[in-house]
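Below is one structure; the comments refer to it alone.
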Amino acid sequence: MDAFLNAAPQGVAIFGATGSIGQSTLAVLRLHPARYRVHALIAHRRLEVLWPDLLAFRPAVVGVACPQAAAALRIRLQQEWVGSGCPQVLDQPDEIAALAADPAVSIVVAAIVGTAGLASTWAAVCAGKRVLLANKESLVAAGALMMQAAQASGAVLLPVDSEHNAIFQCLPVGVPPVDAVEKLLLTASGGPFRTRPLAAFADITVADACRHPNWSMGRKISVDSASMMNKGLEVIEAAWLFGVPPARIEVVVHPQSIIHSMVQFADGSVLAQMGRPDMRTPIAHALAWPDRVASGVAPLDLCALTGLHFERPDPSRFPCLQLAYDGLALGGAAPLIINAANEVAVAAFLSEQLPFLGIAAVIRATLDRALAGTAFAAAESIAEVLEQDQRARALAEAVMAQLFGARVASSLDYHSFG
Ligand code: NAD
Ligand code: MG
Numbered sequence: 006m007d008a009f010l011n012a013a014p015q016g017v018a019i020f021g022a023t024g025s026i027g028q029s030t031l032a033v034l035r036l037h038p039a040r041y042r043v044h045a046l047i048a049h050r051r052l053e054v055l056w057p058d059l060l061a062f063r064p065a066v067v068g069v070a071c072p073q074a075a076a077a078l079r080i081r082l083q084q085e086w087v088g089s090g091c092p093q094v095l096d097q098p099d100e101i102a103a104l105a106a107d108p109a110v111s112i113v114v115a116a117i118v119g120t121a122g123l124a125s126t127w128a129a130v131c132a133g134k135r136v137l138l139a140n141k142e143s144l145v146a147a148g149a150l151m152m153q154a155a156q157a158s159g160a161v162l163l164p165v166d167s168e169h170n171a172i173f174q175c176l177p178v179g180v181p182p183v184d185a186v187e188k189l190l191l192t193a194s195g196g197p198f199r200t201r202p203l204a205a206f207a208d209i210t211v212a213d214a215c216r217h218p219n220w221s222m223g224r225k226i227s228v229d230s231a232s233m234m235n236k237g238l239e240v241i242e243a244a245w246l247f248g249v250p251p252a253r254i255e256v257v258v259h260p261q262s263i264i265h266s267m268v269q270f271a272d273g274s275v276l277a278q279m280g281r282p283d284m285r286t287p288i289a290h291a292l293a294w295p296d297r298v299a300s301g302v303a304p305l306d307l308c309a310l311t312g313l314h315f316e317r318p319d320p321s322r323f324p325c326l327q328l329a330y331d332g333l334a335l336g337g338a339a340p341l342i343i344n345a346a347n348e349v350a351v352a353a354f355l356s357e358q359l360p361f362l363g364i365a366a367v368i369r370a371t372l373d374r375a376l377a378g379t380a381f382a383a384a385e386s387i388a389e390v391l392e393q394d395q396r397a398r399a400l401a402e403a404v405m406a407q408l409f410g411a412r413v414a415s416s417l418d419y420h421s422f423g
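Numbered according to the working numbering, the sequence shown spans residues 6 to 423.
Encoded structure:
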């Protein structure tokens with residue numbers, strides 16, 4: 006601890022600073038100014054959220070992906086910034102992604118939602134940074150390439166996703182898990198529709214799907230949690246991060262979200278990580294690992310808990326979970342296609358153009374159609390991943406129009422919410 010206090014603060018870049026994970030990260034960093042210095046904040050366009058953080062953290066650089074919002078920010082900085090150190094504003098995608106490789110940055114928080122986060126996560130991994138990975142979609146779309154690049158560059162990939170962070174904490178340090186581990190037990194809350202009668206699934210609204218019982222999150226991951234596609238993406242994420250085959254990754258529904266995941270070992274031991282459902286805990290863990298720092302989260306009061314319950318996920322209720330296992334079994338570009346189709350379908354659902362039940366149907370039909378052709382071999386470069394992602398999206402949009410008559414507006418983009 007003292008060594009850290011005597012050292013210069015570590016430079017941090019937060020991609021997705023205005024989002025749920027970005028804001029939780031800033032809440033933790035606020036507690037440790039001697040240890041961490043915010044070098045760069047990156048967001049899409051929500052200046053009303055970004056502005057107070059610019060004043061509080063005074064980063065050297067700000068990346069704003071929406072050019073109109075970047076222009077508005079430059080004007081506001083010119084008019085209102087007081088003192089020295091006015092942040093430089095970048096709005097070109099290449100320049101923004103390159104911030105992840107900046108020598109002034111040691112820690113990159115990858116918290117952009119969706120494959121929009123792929124380029125910056127890739128830049129951080131290739132530059133050998135300490136990468137706090139929240140953006141699971143980049144691992145789902147490009148897992149093989151990301152893991153190879155991390156090994157080559159020496160990047161330290163630390164999972165922020167609460168389940169993967171829990172598993173990381175339960176695994177013995179430095180031991181390849183495959184031999185010692187019998188199963189990874191990924192817990193899932195079951196989301197808002199765990200007990201909703203199946204007959205009432207046709208009436209699910211955006212508000213219903215975004216109302217998660219335990220976690221407060223961005224809108225895309227909230228819908229993913231409601232469909233359990235989130236857990237499916239997490240199964241794929243776990244397979245890449247921990248090198249464990251899908252047959253040894255099991256999903257257990259645990260509605261209280263107190264146990265964040267478990268590891269079952271060959272001798273019958275099961276290790277669990279527990280805590281309040283608050284992302285500041287895994288964020289603080291990944292920031293400081295192998296050290297520990299305060300996160301601002303209140304201690305868990307075990308005696309106040311009314312019980313810890315577990316059940317198997319219901320496949321008829323949550324077809325997206327099986328889709329993810331199918332994608333892993335198929336391998337190659339299948340997870341990428343599933344992820345892209347899900348992003349398109351969720352954006353359409355959020356803009357009330359697709360019913361909730363249409364999400365799984367669009368993903369399944371897109372996957373079937375993509376695999377019927379020959380155009381989706383496993384990608385060998387990130388450029389190829391991005392190109393396949395675009396093609397899979399176009400295919401999903403066509404499928405959606407055909408199956409549901411859903412017309413895709415040009416503004417169809419859940420990023421417009423962030
Ligand atoms: P969010 O919607 O609250 O925030 C998304 C952030 O990404 C915003 O800051 C937005 O401005 C930014 N963004 C979107 N498109 C961008 C672009 N093109 N360029 C730059 N910035 C862009 O989402 P969230 O809930 O914070 O989730 C972020 C990621 O973390 C997702 O991949 C999600 O799966 C993962 N995650 C979230 C949680 C959680 O509790 N929220 C938990 C585990 C994993
Ligand atoms: Mg999670």
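Backbone N, C-alpha and C fix where the C-beta goes; we use that ideal spot for every residue, glycine too.
Looking at the secondary structure, which residues open and close the beta strand (DSSP E) in which residue i lies?
i	result
ILE263	From DSSP, ILE263 is part of no beta strand (DSSP E); its letter is neither H nor E.
PHE381	First-last for PHE381: undefined, no H or E at that position.
VAL43	41–48
LEU95	93–95
Relative to the alpha-carbon of residue i, which residue among the options has its alpha-carbon at the smallest distance?
i	options	result
LEU104	VAL87, LEU333, VAL130	VAL130
ALA116	PRO98, LEU59, ALA207, GLY21	GLY21
LEU138	GLN153, SER158, ALA149, ILE112	ILE112
LEU190	GLN28, ALA75, ALA277	ALA277
SER262	ASP208, LEU310, TRP245	LEU310
LEU123	ARG396, ALA388, VAL404	ALA388
GLN28	GLU168, LEU150, ARG374, VAL43	VAL43
ASP229	VAL302, ALA350, VAL110, VAL66	ALA350
ALA411	LEU376, GLN395, LEU355, LEU372	LEU355
SER25	ASP166, ASP272, ALA231	ASP166
ALA102	GLN395, HIS314, ALA45	ALA45
ARG40	LEU305, VAL17, ARG135, MET151	VAL17
TRP86	VAL110, TRP56, LEU400, ALA109	TRP56
GLN15	PRO177, PRO38, LEU313	PRO38
Excluding the five sequence neighbours on either side, which residues of its own chain have a C-beta within less than 6 angstroms of the C-beta of residue i, listed in chain order?
i	result
VAL54	THR23
MET234	CYS325, ASN347
PRO340	VAL145, ILE241, GLY332
CYS215	ARG224, SER227
PHE323	MET233
ASN344	GLU142, VAL145, ALA146
GLU392	none
ASP96	VAL69, PRO72, ALA75
ASP283	VAL302
Counting only beta-carbon separations shorter than 8 angstroms, does residue i have a partner in chain C?
i	result
ILE387	Checking the listed chains, one finds no chain C in this structure; it contains a single protein chain.
For residue i, name the three-state secondary structure that DSSP assigns.
i	result
LEU417	For LEU417, the predicted structure reports a pLDDT of 45, less than 50, and the residue's modelled location is therefore unreliable. A value from the coordinates is still provided. If DSSP states are grouped into helix, strand and coil, LEU417 belongs with coil.
PHE422	Only weak support exists for where PHE422 lies, its pLDDT of 47 falling under 50; the coordinates are left without a value.
VAL114	strand
PHE20	strand
LEU59	helix
ALA345	helix
GLN358	coil
VAL240	helix
VAL256	strand
ASP7	Low confidence applies here, because ASP7 scores a pLDDT of 47, under 50, leaving its location unreliable and the question unanswered by this model.
Over what stretch of residues does the alpha helix (DSSP H) that includes residue i continue unbroken?
i	result
ALA226	Looking at the sequence itself, residue 226 is Ile, so the reference to Ala does not match. ILE226 -> alpha helix (DSSP H) spans 224–232.
GLN393	387–409
VAL66	From DSSP, VAL66 is part of no alpha helix (DSSP H) but of the beta strand (DSSP E) over 66–69.
PRO218	It is not in any alpha helix (DSSP H) - PRO218 carries neither H nor E in the DSSP assignment.
VAL130	123–131
THR30	25–34
CYS335	The displayed chain sequence assigns Leu, not Cys, to residue 335. Run containing LEU335: 324–335, per the alpha helix (DSSP H) assignment.
GLY75	Note that residue 75 corresponds to Ala in the displayed sequence, not to Gly. Counting along the chain, the alpha helix (DSSP H) containing ALA75 begins and ends at 72–85.
ASP99	98–103
For residue i, I'd like the list of residues in its chain whose CB is within less than 7 angstroms of its CB, leaving aside the five on either flank, ordered along the chain.
i	result
GLY159	GLY133
ARG63	GLY90
GLN84	none
LYS236	LEU191, ALA193, VAL256, LEU326
PHE409	LEU359, GLY363
Is residue i near the ligand GTP, going by C-beta to nearest heavy atom under 7 angstroms?
i	result
MET222	Questions concerning the ligand GTP fall outside what the structure shown contains, since the ligands it does hold are the ligand NAD and the ligand MG.
Excluding the five sequence neighbours on either side, which residues of its own chain have a C-beta within less than 8 angstroms of the C-beta of residue i, listed in chain order?
i	result
PRO320	LEU326, GLN327
PRO251	VAL240, ALA244, TYR330, LEU333, ALA334
VAL390	LEU123, ALA146, ALA147, LEU150, LEU341, ALA384
_Any beta strand (DSSP E) of 3 or more consecutive residues that is wholly inside the region 171–215_ = 186–193
Practice prompt. Taking only runs that begin and end inside the region 267–309, name each unbroken beta strand (DSSP E) of 3 or more residues, in chain order.
Written response: 275–279
- Hey, which unbroken runs of the beta strand (DSSP E) at 3 residues or more fall wholly within the region 134–175? 135–138, 161–164
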